[in-house]
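One line per chain: the protein sequences are A and B, in this order. When you read off a place in the first sequence, starting at 1, and then add 213, the result is the number in the working numbering. When you read off a place in the second sequence, starting at 1, and then add 213, the result is the number in the working numbering. Idealized CB from N, CA, C, for every residue including glycine. Report on the following structure.
Number of protein chains: 2
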Amino acid sequence: MTTSLEKPRANTQGDLREGLINAGLTLLARDGTSGLTLRKCAALAGVSHAAPAHHFDGLPGLLDAIAARGFEMFADVMEAKAAAAPQEPRARLEAICLGYFDFARDNPALYDLMFRQIWSLAGASEELGRSGARAYTVLADTCAPFVLRGQEPGVVETQVWSLIHGYATLVLVGKLGRNRAIASVTDVLGLLGGLALAD
Amino acid sequence: MTTSLEKPRANTQGDLREGLINAGLTLLARDGTSGLTLRKCAALAGVSHAAPAHHFDGLPGLLDAIAARGFEMFADVMEAKAAAAPQEPRARLEAICLGYFDFARDNPALYDLMFRQIWSLAGASEELGRSGARAYTVLADTCAPFVLRGQEPGVVETQVWSLIHGYATLVLVGKLGRNRAIASVTDVLGLLGGLALAD
DNA sequence: CACTTTTCCTTGACACTGTCAAGCGGCCTT
DNA sequence: AAGGCCGCTTGACAGTGTCAAGGAAAAGTG
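Rendered as structure tokens:
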């Protein structure tokens with residue numbers, strides 16, 4: 214209502230759902246986890262505070278959608294790193310782990326949201342399930358060459374995932390030294406030297 | 214005000230600060246992370262909603278104190294497991310990792326609180342720093358036999374910590390299979406076979 | 001013992017959160 | 001062009017953390 218020339222629907226070009234997700238990503242990046250609020254999200258997207266309810270199932274639904282978007286970005290980063298690395302199993306493995314860590318470090322609040330405990334309690338959306346599965350597939354494919362004959366693939370995948378996810382979360386939480394980590398990513402990934410190539 | 218015989222100071226025997234921390238632990242165990250509220254805590258301890266402000270620096274202060282208590286329990290569990298295990302480096306290492314995982318599985322909400330991102334942003338209390346350091350010492354001592362000559366101890370410590378912490382958080386978050394994990398703790402700990410004993 | 005001071009808690013208010021019910025306005029359909 | 005639906009707004013509610021002010025009881029002081 215600043216001027217009469219203002220367009221009545223100038224909130225977001227096209228889809229409001231998209232605008233709300235983007236607003237959420239912006240708030241998350243700018244103000245951290247506690248800065249992401251349903252009302253702030255709506256305000257940033259240029260709509261009233263109750264508008265999001267027509268596109269998401271309340272705040273949990275919005276967080277779900279943002280997390281799903283996060284997993285897409287996450288998979289993109291890892292795929293890009295894998296593509297840029299030498300096409301050799303061990304180099305690829307290290308590459309996606311570095312991508313994993315980079316994403317966590319560059320998007321701490323989003324990463325935190327993605328791995329919140331919520332999703333295990335209240336069921337996650339199908340969209341989140343799909344994008345999460347896509348990210349997992351990137352990891353699983355890279356781990357495949359290290360799955361020994363007759364071994365359950367999930368074991369190597371879980372070993373690698375646990376290692377890099379643990380390191381990333383510990384660094385984010387600030388438990389590993391004040392500013393820089395006690396051990397670098399590559400130091401930690403040295404533990405993967407224990408993995409043997411199949412065949 | 215149910216009966217006139219009610220004692221005016223029946224809130225908590227002795228120290229209110231202790232009562233509030235215990236109330237917080239109870240709420241956390243019963244209702245999960247979102248069930249822990251400053252006001253509910255005060256109500257459970259039998260005092261008014263503003264009483265906690267005189268013992269803690271707001272909600273962050275209360276969470277800090279609860280997390281500190283959590284790290285004490287955490288260290289206790291790992292020490293007990295280590296004491297019960299054969300006094301051999303590799304057995305001890307596996308033992309504290311199992312203790313680590315047990316604690317996380319048995320106290321998911323508390324574990325989640327302890328490793329929240331908050332502590333890296335706003336400075337943690339000295340008490341939390343000390344109890345966190347004590348828990349870390351248990352881990353570091355157990356890792357010591359695997360630190361090769363001339364190697365920085367923090368490397369092995371971070372490798373072990375990242376692995377078990379990553380596994381624990383992934384299981385808690387429900388990403389590893391629906392109810393039971395794809396790979397068991399001992400499966401994941403197999404990666405530690407890559408560690409060599411010093412000397 | 002009387003009086004002050006200090007300590008600890010209560011009461012009440014405020015801004016902010018998520019959620020719901022009701023209503024309005026423009027767009028599409030027919 | 002009239003009817004109807006979809007998307008958004010407005011307003012209210014309970015619940016949250018935090019702050020200011022006050023009060024009651026214990027402790028200190030002559």
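Can you name the residues of chain A whose CB is closer than 7 Å to the CB of residue i?
i	result
residue 375(B)	376, 379, 380, 383 and 401
residue 368(B)	396 and 400
Given this structure, state the Cα-to-Cα distance separating residue i from residue j, to the nearest angstrom.
i	j	result
residue 289(A)	residue 306(A)	15 Å
residue 271(B)	residue 244(A)	20 Å
residue 254(A)	residue 247(B)	21 Å
residue 366(A)	residue 274(A)	32 Å
residue 379(A)	residue 329(A)	14 Å
residue 284(B)	residue 345(B)	6 Å
residue 320(B)	residue 338(A)	26 Å
residue 301(B)	residue 295(B)	10 Å
residue 276(A)	residue 313(A)	21 Å
residue 402(A)	residue 385(B)	23 Å
residue 368(A)	residue 395(B)	7 Å
residue 257(A)	residue 241(A)	12 Å
residue 409(B)	residue 237(A)	46 Å
residue 269(A)	residue 381(A)	30 Å
residue 230(B)	residue 315(B)	28 Å
residue 363(B)	residue 355(B)	18 Å
residue 308(B)	residue 298(B)	6 Å
residue 359(B)	residue 374(A)	23 Å
residue 282(A)	residue 352(A)	18 Å
residue 361(A)	residue 411(A)	5 Å
residue 280(A)	residue 322(A)	11 Å
residue 263(B)	residue 249(B)	15 Å
residue 267(A)	residue 251(A)	12 Å
residue 407(B)	residue 404(A)	6 Å
residue 232(B)	residue 260(B)	10 Å
residue 224(B)	residue 327(B)	Legend: pLDDT at residue 224(B) = 41, less than 50; position of this residue unreliable, value from coordinates given subsequently. Looking at the two C-alpha atoms, the distance is approximately 27 Å.
residue 347(A)	residue 304(B)	37 Å
residue 357(B)	residue 350(B)	10 Å
residue 239(B)	residue 292(B)	23 Å
residue 234(A)	residue 398(B)	36 Å
residue 400(A)	residue 228(B)	46 Å
residue 376(A)	residue 265(A)	37 Å
residue 220(B)	residue 370(A)	Here residue 220(B) scores only 32 on pLDDT, less than 50, and its place in the model should not be relied on; the value that follows carries that caveat. Using only the alpha carbons, I get a separation of about 59 Å.
residue 324(B)	residue 286(B)	11 Å
residue 226(B)	residue 317(B)	Unreliable positioning characterises residue 226(B) in this predicted model, as indicated by a pLDDT of 48, which lies under 50. The coordinate reading is nonetheless provided below. Taking the straight line joining both Cα atoms gives about 30 Å.
residue 341(B)	residue 310(B)	22 Å
residue 383(A)	residue 278(B)	20 Å
residue 372(A)	residue 336(B)	32 Å
Which chain A residues sit within Cβ distance under 8 Å of residue i?
i	result
residue 418(B)	This structure gives no information on residue 418(B), because the portion of chain B shown stretches from 214 to 412.
Show which residues of chain A have a CB atom less than 9 Å away from the CB atom of residue i.
i	result
residue 406(B)	407
>> Short of 9 Å Cβ to Cβ, which residues in the segment 301–329 of chain B face chain A?
In response: 321, 322, 325, 328 and 329
> At what residue ranges does the segment 323–357 of chain A contain a whole run of the alpha helix (DSSP H), taking only runs of 4 or more?
Replying inline: 331–334 and 339–356
>> At 4 residues or longer, what runs of the alpha helix (DSSP H) sit wholly inside the segment 270–302 of chain A?
In response: 271–297
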